[in-house]
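Have a look at the structure below, then the notes.
Protein chains: 2
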Amino acid sequence: MEYLQQSFSVRFEYKTFFTSGLFELSNTGFNDFIAADSTSASIKKILFVVDQDVLKANPKLADQIRRYFSIHKAAQLIPEIIAMPGGELIKNDEGFFSRVLQIINQYNIDRHSYVAAIGGGSILDMVGYAAAVAHRGVKHIRIPTTVLSQNDSGVGVKNSINYFGKKNFLGTFVPPVAVFNDDQFLLTLSDRDYRSGIAEAIKVSLIKDAAFFEWLEANADALVARDMPTMKYLIKRCAELHLNHIAGLDPFEKGSSRPLDFGHWSAHKLEQLTNFKVLHGEAVAMGIALDTVYSNLSGRISVDEANRVVNLIKKIGFEITHPLLEVTGDDSPILIGLQEFREHLGGELTIMLLERIGVGIEVHEMDAQLIKKAGEILKNEHAALSAV
Amino acid sequence: MEYLQQSFSVRFEYKTFFTSGLFELSNTGFNDFIAADSTSASIKKILFVVDQDVLKANPKLADQIRRYFSIHKAAQLIPEIIAMPGGELIKNDEGFFSRVLQIINQYNIDRHSYVAAIGGGSILDMVGYAAAVAHRGVKHIRIPTTVLSQNDSGVGVKNSINYFGKKNFLGTFVPPVAVFNDDQFLLTLSDRDYRSGIAEAIKVSLIKDAAFFEWLEANADALVARDMPTMKYLIKRCAELHLNHIAGLDPFEKGSSRPLDFGHWSAHKLEQLTNFKVLHGEAVAMGIALDTVYSNLSGRISVDEANRVVNLIKKIGFEITHPLLEVTGDDSPILIGLQEFREHLGGELTIMLLERIGVGIEVHEMDAQLIKKAGEILKNEHAALSAV
Numbered sequence: 001m002e003y004l005q006q007s008f009s010v011r012f013e014y015k016t017f018f019t020s021g022l023f024e025l026s027n028t029g030f031n032d033f034i035a036a037d038s039t040s041a042s043i044k045k046i047l048f049v050v051d052q053d054v055l056k057a058n059p060k061l062a063d064q065i066r067r068y069f070s071i072h073k074a075a076q077l078i079p080e081i082i083a084m085p086g087g088e089l090i091k092n093d094e095g096f097f098s099r100v101l102q103i104i105n106q107y108n109i110d111r112h113s114y115v116a117a118i119g120g121g122s123i124l125d126m127v128g129y130a131a132a133v134a135h136r137g138v139k140h141i142r143i144p145t146t147v148l149s150q151n152d153s154g155v156g157v158k159n160s161i162n163y164f165g166k167k168n169f170l171g172t173f174v175p176p177v178a179v180f181n182d183d184q185f186l187l188t189l190s191d192r193d194y195r196s197g198i199a200e201a202i203k204v205s206l207i208k209d210a211a212f213f214e215w216l217e218a219n220a221d222a223l224v225a226r227d228m229p230t231m232k233y234l235i236k237r238c239a240e241l242h243l244n245h246i247a248g249l250d251p252f253e254k255g256s257s258r259p260l261d262f263g264h265w266s267a268h269k270l271e272q273l274t275n276f277k278v279l280h281g282e283a284v285a286m287g288i289a290l291d292t293v294y295s296n297l298s299g300r301i302s303v304d305e306a307n308r309v310v311n312l313i314k315k316i317g318f319e320i321t322h323p324l325l326e327v328t329g330d331d332s333p334i335l336i337g338l339q340e341f342r343e344h345l346g347g348e349l350t351i352m353l354l355e356r357i358g359v360g361i362e363v364h365e366m367d368a369q370l371i372k373k374a375g376e377i378l379k380n381e382h383a384a385l386s387a388v
Numbered sequence: 001m002e003y004l005q006q007s008f009s010v011r012f013e014y015k016t017f018f019t020s021g022l023f024e025l026s027n028t029g030f031n032d033f034i035a036a037d038s039t040s041a042s043i044k045k046i047l048f049v050v051d052q053d054v055l056k057a058n059p060k061l062a063d064q065i066r067r068y069f070s071i072h073k074a075a076q077l078i079p080e081i082i083a084m085p086g087g088e089l090i091k092n093d094e095g096f097f098s099r100v101l102q103i104i105n106q107y108n109i110d111r112h113s114y115v116a117a118i119g120g121g122s123i124l125d126m127v128g129y130a131a132a133v134a135h136r137g138v139k140h141i142r143i144p145t146t147v148l149s150q151n152d153s154g155v156g157v158k159n160s161i162n163y164f165g166k167k168n169f170l171g172t173f174v175p176p177v178a179v180f181n182d183d184q185f186l187l188t189l190s191d192r193d194y195r196s197g198i199a200e201a202i203k204v205s206l207i208k209d210a211a212f213f214e215w216l217e218a219n220a221d222a223l224v225a226r227d228m229p230t231m232k233y234l235i236k237r238c239a240e241l242h243l244n245h246i247a248g249l250d251p252f253e254k255g256s257s258r259p260l261d262f263g264h265w266s267a268h269k270l271e272q273l274t275n276f277k278v279l280h281g282e283a284v285a286m287g288i289a290l291d292t293v294y295s296n297l298s299g300r301i302s303v304d305e306a307n308r309v310v311n312l313i314k315k316i317g318f319e320i321t322h323p324l325l326e327v328t329g330d331d332s333p334i335l336i337g338l339q340e341f342r343e344h345l346g347g348e349l350t351i352m353l354l355e356r357i358g359v360g361i362e363v364h365e366m367d368a369q370l371i372k373k374a375g376e377i378l379k380n381e382h383a384a385l386s387a388v
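In order, the protein sequences belong to chains Y and A. Heads up: the first sequence at position 169 corresponds to 169 in UniProt numbering, and the numbers run straight through without jumps. Heads up: the second sequence at position 44 corresponds to 44 in UniProt numbering, and the numbers run straight through without jumps.
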């Protein structure tokens, strides 16, 4: 059949900045970014959508932003700072997504203007999706406020909302124009939220960087004690590994391989089953423990290394398993979750396991009996394991 | 401010096929494409969404598709062929978009499966948008059935729906995985629809390819007579120029320049004001005439060449102006349309004019008095112009 071949490449570039006190008047970094971004003669407007819990924890933030843009004028601030709830709720209820679109329309935010989101991964996902589709893409700036979003989801290229009760059913691959990680936001996090974000650092170290895993082991106490320089290093290294992965073979996930989903297949199901009462990082920590022990049982990572992984997870303060992760029969939720994950990937299962610390390996089948045994070991025998 | 630099390129490739009788059993091109596309072990499903007027004009089409996939099995056909209205209506009412999402969900269409749309530009835009955001992108195949969509919008990388009463307010830049142009669909078009698509060929010739313009002049009679080989050449050359343009500097329109929007700023307003009773191509033909005469009045294209442009538009059978394009005062709809276009572009106006046939030039201001005079010339004096 006769045809014309189309082929072109699109270059995507953005910076993930690291700062402290982003909207302090003396900190010109944000304004400098806007001033340097694009040479269009158009007026650049900027709209802020902020997690209401972040506003509550940082009661001066809205005024601080207004003052900042009254002095630093690279962009024209939309004076209304939009407050919205954070958490999974904001991705479940389409009304929040629609409201962001409505505000983009109301304030004539165009392709040369900015929609900035301040908050955790959920609000960044939702606002990022709205920004990606309004006018086929207005400029989106992410200001993640949690450990999890600063080191992982916030620096990536995905956005989404839930739909038909399915996580991330709607979304796009559209990078932000910039990410600003401000360590001051970490100060107001609860211990539980703070800890939760460390799971993704453990995950990425296990599949990409053994030295980073060793660093995590050596610095576990400082992380638990919320030592800020230690956390800043963790976030930067984790973000860097994440960014490098995206820039690798398949930024927009055209293939089936999802190495960064290590430990996630069971975690997604657990979050859903507990109605997100188990936090994402908590679920991922359990998922990592499960897939690590499974990796050992299926002849991959050594028992010594598996023990080091489980022990690090425990040392950070995570639970290592959950009753809903137990296999009690063919219809156990976790096996249904595995089936759903297979369907989500389009029929061919691809699961990342561990060859050893720092080296992952993809498999296309998982054995239900070994999943069961891995769960039992985590539940019953981890005293033995951790005694090694 | 400290930062990590992210940069990567994403390669986009797709073919625009030209065929006759796409779903005839002997034509294996479509099946060959699916069989060769991706090496995933997953089952590939395919869902068809078809313009109901196309189904009416081609009453055997649905059965033909079912028979085709019962013999050629590279993809598993979803037996339900979804019929939807064509035209702008389908982009205005979000219900159609939601229904496509619901069907994608219902039949578990995933990233390795296909949503094919058969119809004109509007239904391709809407279905393409749904496919782009479901699961962050399922594979989308376009089968354009009109001259306009086969030579222009159908081969491009944009999709959209209207929202808040604004044309294309929501959408993405996501290329299809393939386009199939089947000339058999052109046989059932009305003369008006058939003619309408020729406007984009005139447009692209004027800004890109003087030789193609001369070919259009030489073949105007054959086009009016609906000679098929002539139309096939027109569609292929126009699609090629369009594809080459996209593959050029700015596929996803990050800048303000929109050369392919030559003649479109007034056309968009006219379509909207007439509630799309004036077809897109008809409005574009008038928009080209206006901007061509304006180009002459503002010291660019010669009067001889401007006359050739207007005469070709007339010879194809288009009207060259419309009462709603007249400037009668500062609040004339066309001047409001110009203002809206400026806002749509983000404050800086960029309008393509003609330096000469085949060579465009961008300007950032338009003179209301010259727009008025151009309209008057088209209305009153074109007899004189065309006598040259």
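By construction, the Cβ of each residue, glycine as well, lies at the ideal position given by its N, Cα and C atoms.
Inter-residue Cα distance where the pair is residue i and residue j
{"i": "A/Tyr14", "j": "A/Phe180", "result": "11 Å"}
{"i": "A/Leu260", "j": "A/Ile288", "result": "11 Å"}
{"i": "residue 392 of chain A", "j": "A/Phe169", "result": "Residue 392 of chain A lies beyond the range of chain A shown here (1 to 388); nothing can be said about it."}
{"i": "residue 408 of chain A", "j": "A/Val127", "result": "No answer is possible for residue 408 of chain A: it lies beyond the span of chain A, which begins at 1 and ends at 388."}
{"i": "A/Phe30", "j": "A/Gly137", "result": "21 Å"}
{"i": "A/Ala374", "j": "A/Val204", "result": "21 Å"}
{"i": "A/Ser153", "j": "Y/Thr28", "result": "43 Å"}
{"i": "A/Thr146", "j": "A/Ser196", "result": "9 Å"}
{"i": "A/Lys45", "j": "A/Tyr114", "result": "6 Å"}
{"i": "A/Leu312", "j": "A/Pro323", "result": "21 Å"}
{"i": "A/Ala225", "j": "A/Met286", "result": "22 Å"}
{"i": "residue 396 of chain Y", "j": "Y/Asp221", "result": "Since the first and last residues shown for chain Y are 1 and 388, residue 396 of chain Y lies out of range."}
{"i": "A/Lys177", "j": "A/Lys60", "result": "Residue identity differs from the one stated: residue 177 of chain A is Val in this sequence, not Lys. Straight-line Cα distance between these residues: approximately 26 Å."}
Residue nearest to residue i in terms of C-alpha spacing, selected from the options
{"i": "A/Leu187", "options": "A/Asn27, A/Val327, A/Val10, A/Ser20", "result": "A/Ser20"}
{"i": "Y/Thr16", "options": "A/Ser7, A/Asp125, A/Phe23", "result": "A/Ser7"}
{"i": "A/Leu297", "options": "A/Asp367, A/Ile109, A/Phe96, A/Asp37", "result": "A/Asp367"}
{"i": "Y/Ala130", "options": "Y/Gln76, Y/Ile207, Y/Pro144, Y/Phe96", "result": "Y/Phe96"}
{"i": "A/Gln52", "options": "A/Leu77, A/Gly87, A/Asn108", "result": "A/Gly87"}
{"i": "A/Asp182", "options": "A/Pro229, A/Ser9, A/Asp191", "result": "A/Pro229"}
{"i": "Y/Ala57", "options": "Y/Leu189, Y/Lys372, Y/Glu343, Y/Lys232", "result": "Y/Leu189"}
{"i": "A/Leu77", "options": "A/Thr328, A/Met84, A/Asp63, A/Val309", "result": "A/Asp63"}
{"i": "A/Asp110", "options": "Y/Asp227, Y/Glu362, Y/Glu343", "result": "Y/Glu343"}
{"i": "Y/Ser42", "options": "A/Val174, A/Ser257, A/Tyr3, A/Asp32", "result": "A/Ser257"}
{"i": "Y/Phe185", "options": "Y/Val284, Y/Val50, Y/Arg237, Y/Pro251", "result": "Y/Val50"}
Contacts that residue i makes with chain Y (C-beta to C-beta distance below 7 Å)
{"i": "A/Tyr14", "result": "Gln6"}
{"i": "A/Pro251", "result": "Phe8, Val10"}
Contact list for residue i against chain Y, beta-carbon separation under 8 Å
{"i": "A/Gly29", "result": "Met1"}
{"i": "A/Glu240", "result": "Leu4"}
{"i": "A/Leu47", "result": "Those within 8 Å of A/Leu47 in chain Y number zero; the least Cβ separation is about 14 Å."}
Residues near residue i in its chain [Cβ-Cβ closer than 8 Å; skip 5 each side]
{"i": "A/Ala35", "result": "Ala74"}
Contact list for residue i against chain A, beta-carbon separation under 9 Å
{"i": "Y/Arg258", "result": "Under the 9 Å cutoff, chain A gives no residues; its nearest Cβ is about 11 Å from Y/Arg258."}
Neighbourhood of residue i by C-beta distance below 7 Å, restricted to the same chain and skipping five residues each side
{"i": "Y/Val155", "result": "Thr16, Val179, Ala239, His242, Leu243"}
{"i": "Y/Ser149", "result": "Gly120, Gly121, Leu124"}
{"i": "Y/Arg11", "result": "none"}
{"i": "A/Asp209", "result": "Leu241, Gly358"}
{"i": "Y/Lys158", "result": "Gly171, Phe173"}
{"i": "A/His364", "result": "Glu348, Leu349, Thr350"}
Closer than 7 Å at the beta carbon, the chain A residues around residue i
{"i": "Y/Thr188", "result": "Correct list: empty, because the minimum Cβ distance to chain A is about 22 Å."}
{"i": "Y/Leu170", "result": "Val133, Ala134"}
Neighbour list for residue i in chain Y, Cβ cutoff strictly below 9 Å
{"i": "A/Tyr68", "result": "Residues of chain Y passing the Cβ test: none, with the nearest at roughly 14 Å."}
{"i": "A/Phe17", "result": "Met1, Glu2, Tyr3, Leu4"}
{"i": "A/Asn105", "result": "Tyr163, Phe164, Lys166, Phe169"}
{"i": "A/His140", "result": "Within chain Y, no residue comes near A/His140; the closest Cβ sits about 13 Å away, beyond 9 Å."}
Sequence-distant residues of the same chain with beta carbon closer than 6 Å to residue i, five excluded per side
{"i": "Y/Ile377", "result": "Val293"}
{"i": "Y/Ser295", "result": "Ile301, Leu353, Leu354"}
{"i": "Y/Lys379", "result": "Thr321"}
heavy atom of the ligand GTP below 7 Å from residue i C-beta
{"i": "A/Ser302", "result": "This structure does not include the ligand GTP; it has no bound ligands of any sort."}
Where residue i meets chain A, residues with beta-carbon distance less than 8 Å
{"i": "Y/Ala247", "result": "Gln6, Ser7, Phe8"}
Check your understanding: Does the stretch 342 to 354 of chain A come within contact of the stretch 272 to 280 of chain A, defined as at least 3 CB pairs closer than 8 Å?
Key -> no
Check your understanding: Listed in chain order, which residues of the stretch 326 to 342 of chain Y have Cβ atoms closer than 9 Å to some Cβ of chain C?
Key -> Here chain C cannot be found, since the structure's protein chains are Y and A.
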